[in-house]
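Residue numbers (the numbering used here): 51 to 434.
We put the beta carbon where it would ideally sit given N, CA and C, even for glycine.
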């Protein structure tokens, strides 16, 4: 079970910069699709994603009016209402509509952001979003690897116009999962980005389950909300490759490179296709690009993991050691170092790093994994 964190504050983390570029893409990526491969399937309309039942709307309106009479600020009304409704909210990884999230009392961060936006729509509260990265939960199916970042929401407080007063940072309430220690700011986002992420997640799930027509239909809807998301292009390219059209997949990947719409995920997928086609020059180029664009701790971990796989232990150790020094609160670099030293048969060192990872971990699932690995290592070292 995950608790939800409601932060009453001024703004998102200070020191974060916006990296998203204004789209200058002259061509819609969808125009590159091989549409003859797929048959369109029905998908939810945007209004249905954010819609709430009339009975729930009436409950919220009554709560809202009562709270306003008590002097509660509008953005805080929503956070308080959510806290009362979702006190047993469970994170299960599913991307759900607002109504589904409410009824099932579960979902992922996109589901929670959608539900929050649904209430904000009812009373006209402005919202902003930020996209954050955390250690990825990898979805693997055959040779397909998909990773998604997460969203959280800021409900903006109503503007207060006071003579002679200029506010540089607009106050509001941030709604996110707890704990939020192992996250890293990636970018700001909009409601359209959130909507696109809803469709993209469903497209990815359908793709991994070989429901190609469904995946195609969802990715088409995602592109209606944003044209320049590398992750959408990546899903579309993988979809075409899995459906037997590697040439269109290559065209989509090249389109992304031409317009600088790249991500670690996309470059890794393209490298896998290049490897399959024995284009080793391109593989090297893409791996170098991956190293150059790495901007989150988890990108660096991914690079280190690849180095370990290639038995480039010195390179991996350097990357992970620097990472553990800069982000000492993250358990993952220590866990990767533990794996590295285990592969080098330096079990004492491996055990020490695993103990450090265990001491840093807050997530119960991670704690369980680290504890199990540590117990195994202790048994091995004890026998020796």
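Check whether residue i and residue j have beta carbons under 8 Å apart
| i | j | result |
| --- | --- | --- |
| residue 205 | residue 149 | no |
| residue 290 | residue 299 | yes |
| residue 179 | residue 244 | yes |
| residue 265 | residue 256 | yes |
| residue 354 | residue 369 | yes |
| residue 324 | residue 332 | yes |
| residue 160 | residue 274 | no |
| residue 350 | residue 319 | no |
| residue 269 | residue 258 | no |
| residue 88 | residue 172 | no |
| residue 313 | residue 341 | no |
| residue 79 | residue 397 | no |
| residue 385 | residue 407 | yes |
| residue 129 | residue 155 | no |
| residue 181 | residue 112 | no |
| residue 131 | residue 158 | no |
| residue 437 | residue 410 | Absent from the structure is residue 437, since the part of the chain shown begins at 51 and ends at 434. |
| residue 390 | residue 367 | yes |
| residue 96 | residue 177 | no |
| residue 316 | residue 280 | yes |
| residue 91 | residue 202 | no |
| residue 221 | residue 147 | no |
| residue 252 | residue 426 | no |
| residue 223 | residue 292 | no |
| residue 39 | residue 307 | Outside the shown range of the chain, which is 51 to 434, sits residue 39, and nothing can be said about it. |
| residue 295 | residue 84 | yes |
Anticipated Cβ contact below 8 Å, residue i with residue j, distance rounded
| i | j | result |
| --- | --- | --- |
| residue 401 | residue 363 | Residue 401 to residue 363, Cβ: 17 Å. No contact. |
| residue 136 | residue 305 | In fact, because the Cβ distance is near 40 Å, the residues do not count as touching under 8 Å. |
| residue 100 | residue 163 | At roughly 10 Å, the Cβ-Cβ gap does not stay under 8 Å, so residue 100 and residue 163 are not in contact. |
| residue 225 | residue 151 | The pair is not a contact, with the Cβ atoms about 13 Å apart (cut-off 8 Å). |
| residue 383 | residue 377 | 7 Å |
Bridge-paired residues (DSSP) for residue i
| i | result |
| --- | --- |
| residue 205 | 177 and 223 |
| residue 238 | 180 |
beta-carbon residue i near the ligand GDP non-hydrogen atom, thresh 7 Å
| i | result |
| --- | --- |
| residue 290 | As far as ligands go, the structure on display features none, and thus does not contain the ligand GDP. |
Legend entry - 4 or more residues per run - each alpha helix (DSSP H) lying fully within the stretch 137-189: 148-154 and 159-173
Legend entry - Secondary structure, alpha helix (DSSP H): runs of 4+ residues fully inside the stretch 299-377: 314-326, 330-343, 347-359 and 363-376
Legend entry - Cβ contact check for the stretch 92-107 and the stretch 119-134: 3 or more pairs under 8 Å: no
Legend entry - Contiguous alpha helix (DSSP H) assignments of at least 4 residues, all confined to the stretch 250-309: 262-273, 280-292 and 296-308
Inset, instruction - Output the residue ranges of the alpha helix (DSSP H) runs that lie fully inside the stretch 91-117 and measure 4 residues or longer, sorted by chain position. - result: 96-99
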